[in-house]
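Under the working numbering, the first residue of the sequence shown is numbered 5, with each subsequent residue one higher. All C-beta atoms, glycine included, are put in the ideal place defined by N, C-alpha and C.
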Amino acid sequence: VQFITVTQDMREAVIRHLRDSFFADEPLNKAVGLCQRGQPHAALERLCVATIADGLSVAAVERDTVLGSSDEKYNKIFNILYTVSRDLELFQTFGVDRVLECRIVSVSEHARGRGLAKELMKRSIQIAMDHGFKLFKVDATGAYSQRICSSLGLRVLQKVRYSEHCDQNGPIFKVPPPHDSLCIMALEIP
Ligand code: ACO
Numbered sequence: 005v006q007f008i009t010v011t012q013d014m015r016e017a018v019i020r021h022l023r024d025s026f027f028a029d030e031p032l033n034k035a036v037g038l039c040q041r042g043q044p045h046a047a048l049e050r051l052c053v054a055t056i057a058d059g060l061s062v063a064a065v066e067r068d069t070v071l072g073s074s075d076e077k078y079n080k081i082f083n084i085l086y087t088v089s090r091d092l093e094l095f096q097t098f099g100v101d102r103v104l105e106c107r108i109v110s111v112s113e114h115a116r117g118r119g120l121a122k123e124l125m126k127r128s129i130q131i132a133m134d135h136g137f138k139l140f141k142v143d144a145t146g147a148y149s150q151r152i153c154s155s156l157g158l159r160v161l162q163k164v165r166y167s168e169h170c171d172q173n174g175p176i177f178k179v180p181p182p183h184d185s186l187c188i189m190a191l192e193i194p
């Protein structure tokens with residue numbers, strides 16, 4: 005078990021836990037029959053959200069628990085991104101205490117192929133520089149984001165070929181070409 009500060013990205017997982025436990029079992033909740041186990045409660049959840057936002061909550065979680073959502077499809081994606089990045093131990097490897105991670109780059113379909121994503125990524129790197137980050141990192145999940153990252157000087161720290169990322173039923177992600185791998189890419193900022 006490890007003890008960690010509850011961050012905003014854990015909100016959904018914490019609320020799911022509370023629905024299964026506190027909402028039904030806390031003595032006063034139970035006395036008035038506030039909730040059935042697993043059921044949501046709007047007012048109580050607003051209180052939880054506000055409390056988590058204060059950034060002062062602590063949780064005990066099993067080591068290496070992935071705090072994903074209840075959506076198994078989403079968790080498949082979250083799992084590969086989380087485990088590959090975790091194993092890279094970026095903070096130790098690069099001797100940094102913060103990393104600016106570009107999590108999502110998205111361009112409307114009608115505006116693609118005009119260099120907008122590349123320009124957005126370039127500006128994100130500038131933001132990293134302006135804020136004193138020493139490492140800029142991207143989980144590039146497809147060929148286009150990988151081209152952009154390479155052209156901006158990011159190097160591949162880890163490559164996972166989708167055809168080789170399997171469970172007992174074969175490849176977990178059947179990704180159509182030209183996308184064939186996940187590349188964890190990073191730029192060291194002087
Ligand atoms: N066919 C061939 N090459 C393409 C295509 C295409 N359809 N689209 C982009 N490229 C190439 C470009 O030629 C360019 O390479 P080059 O500089 O060597 O010529 C490179 O990819 C980037 O092109 P941009 O025009 O800067 O990219 P664009 O503005 O079209 O946006 C993006 C690319 C963001 C991947 C867009 O297709 C998109 O929104 N896709 C859906 C979301 C997604 O996959 N996002 C990336 C996931 S990784 C992450 O989010 C961190």
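**Report entry** Where PRO175 sits in the DSSP three-state scheme
**Finding:** Assigned with DSSP and collapsed to three states, PRO175 falls in strand.
Query raised in the report: Does the segment 131 to 145 touch the segment 92 to 106, meaning 3 or more C-beta pairs lie closer than 8 Å?
Result: Put simply, the segment 92 to 106 touches the segment 131 to 145. At least three CB pairs are less than 8 Å apart.
Requested in this report: Could you tell me the distance, in whole angstroms, from the CA atom of TYR78 to the CA atom of THR145?
Outcome: TYR78 and THR145: Cα-Cα distance of roughly 14 Å.
Requested in this report: Return helix, strand or coil for SER185, following the three-state DSSP convention.
Outcome: It is a strand residue.
Query raised in the report: From what residue to what residue does the alpha helix (DSSP H) around LEU124 run?
Result: Counting along the chain, LEU124 sits inside the alpha helix (DSSP H) bounded by residues 120 to 134.
Query raised in the report: Straight-line CA distance for ALA190 to ARG41?
Result: The C-alpha of ARG41 is placed about 44 Å away from the C-alpha of ALA190.
Query - For LYS163 and TYR86, the rounded distance between their alpha carbons - result: Distance from the CA of TYR86 to the CA of LYS163, rounded to the nearest whole angstrom, comes to 14 Å.
**Report entry** LEU156: first and last residue of the uninterrupted alpha helix (DSSP H) it sits in
**Finding:** Boundaries cannot be given for LEU156, as no alpha helix (DSSP H) includes it and DSSP labels it neither H nor E.
**Report entry** Check: SER149 C-beta below 7 Å from any heavy atom of ligand 1
**Finding:** Yes, ligand 1 has a heavy atom inside 7 Å of this Cβ.
Query raised in the report: So the alpha helix (DSSP H) GLN96 belongs to, where does it begin and stop?
Result: Here the alpha helix (DSSP H) through GLN96 covers 94 to 98.
Query raised in the report: Straight-line CA distance for VAL62 to PHE7?
Result: The alpha-carbon atoms of VAL62 and PHE7 are separated by roughly 7 Å.
Requested in this report: Can you grab the Cα-Cα spacing for the pair LYS122 / LEU48, in whole Å?
Outcome: Rounded to whole angstroms, LYS122 and LEU48 show a C-alpha spacing of 43 Å.
Query raised in the report: Taking all protein chains shown into account, do 16 or more other C-beta atoms lie within 10 angstroms of the C-beta of CYS187, making it buried, or fewer, making it exposed?
Result: In the assembly as shown, CYS187 is a buried residue. Its beta-carbon has 16 or more other beta-carbons within 10 Å.
**Report entry** Where ASP58 falls: helix, strand or coil (DSSP)
**Finding:** Coil, per DSSP.
Report task. Using 10 angstroms around the beta-carbon of GLN150, count the other beta-carbons present and answer buried if the total reaches 16, otherwise exposed. Result -> By the neighbour-count criterion, in which 16 or more other beta carbons inside 10 Å mark a residue as buried, GLN150 falls on the buried side.
Query - Run of the beta strand (DSSP E) containing GLU105, from where it starts to where it stops - result: In this chain, the beta strand (DSSP E) harbouring GLU105 covers 104 to 106.
Query raised in the report: So, using beta-carbon positions, are ILE152 and MET125 closer together than 8 Å?
Result: Taking the C-beta atoms as reference points, MET125 is found nearer than 8 Å to ILE152.
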